[in-house]
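Participant: Please read through the structure below; I'll follow up with questions.
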Amino acid sequence: MKKSGVVLICVAAAAAMFVFLSFGAAQQMQKVAPPKIAKPLDIAKPQLFIQIKGVRCDHSGQPNPEIDLSGQNFGAQQGSRRVLVDGVPATFYHAWFNTGITTYSPSGSPTKWYHEYTFAIDDGTGKIISNQFKIRFPIDWDGVTPGQGTPGTEVLLYCWGPGPNQGNKILHLDNAVMQVTSWTGTGSAIQIKAIVPQVAAGPHKIFFMDGTDKISKELSFTVL
240 MKKSGVVLIC VAAAAAMFVF LSFGAAQQMQ KVAPPKIAKP LDIAKPQLFI QIKGVRCDHS
300 GQPNPEIDLS GQNFGAQQGS RRVLVDGVPA TFYHAWFNTG ITTYSPSGSP TKWYHEYTFA
360 IDDGTGKIIS NQFKIRFPID WDGVTPGQGT PGTEVLLYCW GPGPNQGNKI LHLDNAVMQV
420 TSWTGTGSAI QIKAIVPQVA AGPHKIFFMD GTDKISKELS FTVL
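Structure representation (structure tokens):
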């Protein structure tokens, strides 16, 4: 009986040692290779459904120029939606379809077409439901008559969008200022007479400045 008791004690001790070593090994494995915790996936912010991708301004000699918007998901019909020009809703629409809108500048929007405009679409209550598309319309030229001349020559310039009077706008022939002698026209179509300044013969560019800001496209002119 004593011998068998000793055997049982040895067996129990061996079993306890096995359990202790197994527990220690498990702890060591846990330290070496901790379980990975899955992180939640980053969820991308959804883009606005209605997207304005481009805007074209066609002055057409009208006080309120025609505006053509291109983009996506405008809707097959206008419904209660409106085009906002600098926050002012347009009131007349020539066409409205899913990828394009033709409207006219609201009378309450600024008349300086060369500043940066912001276009957007709202739901009819002031809630904007599209991106805000920013664009600038510089003063554009239809031509100059004559297209060349000596200093002192009076030329006639045809342009779109400079406004009903000269204001702070300065007409340049490259770095030289051109003297404006008349400013006439209706709506956005303006005719301007100016004198060719004393500059070197050769090709030059005519453009408008407002302070340090160039506010028009460039028009080619040759000084003889």
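Residue numbers (our numbering): 240 to 463. All C-beta atoms, glycine included, are put in the ideal place defined by N, C-alpha and C. Just so you know, these numbers come straight off a predicted model, no measurement behind them.
1) For F376, which three-state DSSP category applies?
2) Can you tell me which of G441, P345, V322 puts its alpha carbon nearest to the alpha carbon of W335?
3) With DSSP collapsed to three states, give me the class of K444.
4) Roughly how many whole angstroms lie between the Cα atoms of F313 and F447?
5) Candidates N337, Q430, H354, H411: which alpha carbon is nearest P403's?
6) Relative to the C-alpha of H411, which residue among D381, I374, I454 is closest?
7) Are the Cβ atoms of E393 and I434 separated by less than 9 Å?
8) For T451, collect the residues of the same chain with a Cβ closer than 8 Å to its Cβ; drop the 5 residues on either side in sequence, then sort them by chain order.
9) Let me confirm a value: A329 is counted as buried when at least 16 other C-beta atoms fall within 10 Å, else exposed. Which label applies?
10) Using 8 Å for Cβ pairs, my map puts P401 next to I378. What's the rounded Cβ distance?
Facilitator: Taking the structure as given:
1) If DSSP states are grouped into helix, strand and coil, F376 belongs with coil.
2) Measuring from the Cα of W335, the nearest candidate turns out to be V322.
3) K444: strand per DSSP, three-state reduction.
4) Rounded to whole angstroms, F313 to F447 spans 36 Å at the Cα level.
5) The option with the nearest alpha carbon to P403 is Q430.
6) For H411, the closest alpha carbon among the candidates D381, I374, I454 is that of I454.
7) Contact check for E393 against I434 passes: the beta carbons are separated by less than 9 Å.
8) Excluding sequence neighbours, T451 sits near nothing in its chain.
9) By the 10 Å Cβ count, A329 comes out buried.
10) About 5 Å separates the two Cβ atoms, so the contact holds.
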